[in-house]
Structure formats: structure tokens, C-alpha cells
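Working notes, structure below.
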């Protein structure tokens, strides 16, 4: 995984083969200093708890400072609220966002575009967003990884066309 920080907050968490991941210089001159940043240590602790099945909450996550538009931040906030082991469709997210904005309509495709650009995976659980019906939807870190994360959380994948 690749982590990025502004020195205080986590700005990026992704798999190294994601479509938008920046290349990492393995032997940068400050790599030891960077590895001991408190935000990276807290991120590792959160991820260790997650993969141990402890269900850490967004409240126990490191400080987050994702770069994005106001709309993307609204969508990412909704995604962060999806409970462990549950999935929500792009359309359901769009409807919830429209309701929070006092009505109107919101396109599921617009929400999907914002979900796709989520720079802090797993902690902001974009893998829990699926298509409608039997559609599994996409995932920047590969669909097999999305399936593994959802299986880890106990989601029954038999309802999806994989």
C-alpha cells in the first residue's frame, strides 16, 4: 500500500497498482523520517485492526485530509458512513446526497465518479459501494481486491454477477 501525508493528516492510502497511484521512490533520503510520522503509525494501527477483524471505526482513523472538490468530499463523507459488512449502491448514495441537499435529483454516475476518485481507500470504504441489482460495480484497486475486502467483512458475494 502507498500512504501519503501532508505531515499531519493522511492524504492518500491506496494499493500501489491503482490507476491514480503516484510512483514511490523506495530509497528517498528521508524515508526513515517519513516512516515514523505519527499519522503513518496510526494508519498502520488502524489497518492492522481492520485486517485482524476488529472493525475499527472512522473515529479511530488517523486525521484525514483528502484532496478533492466540495462535491467529492460530500460523497466521501457518505461513503465513510457505510457500516462494516454492508454495501450501498451508487444510486442509494445519490438519493441520500440529494436528500441531504434538501431534495432534487443526483445522478448515480456523478456519485460514481467521486467514489472512483476516493484517495483514502479502506478507511473511506469505497469497496462497499456496488452497482444496482446484481452489478458489482467498479473499484480502482481491481475487482478481485474489492471482492476480498467485502468477503473479509462477511458480505455474501453470491448476490452479485462477478
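In this note's numbering, the protein residues as written are 5 to 166. No residue lacks a Cβ here, since even glycine has one placed at the ideal position from N, Cα and C.
Count the other CB atoms within 10 Å of the CB of residue 125; is the residue buried (16 or more) or exposed (fewer)?
buried
Out of curiosity, what's the CA-to-CA distance linking residue 117 and residue 76?
9 Å
Helix, strand or coil at residue 32 [DSSP, three-state]:
Here the model assigns residue 32 a pLDDT of 46, short of 50, so the residue's position is not dependable, and the following value carries that caveat. In this structure, residue 32 counts as coil in the three-state DSSP scheme.
How about residue 74 and residue 15: do their beta carbons lie closer than 8 Å?
no
Is residue 62 helix, strand or coil when you go by DSSP?
helix
Where do the N-terminal and C-terminal ends of the beta strand (DSSP E) with residue 8 fall, by residue?
6 to 9
Give every residue of the same chain whose Cβ lies closer than 6 Å to the Cβ of residue 67, excluding the five residues on either side of it in the sequence, and list them in chain order.
13
Extract the residue ranges of the beta strand (DSSP E) inside the stretch 74 to 142, only unbroken runs of 3 or more that lie entirely within it.
none
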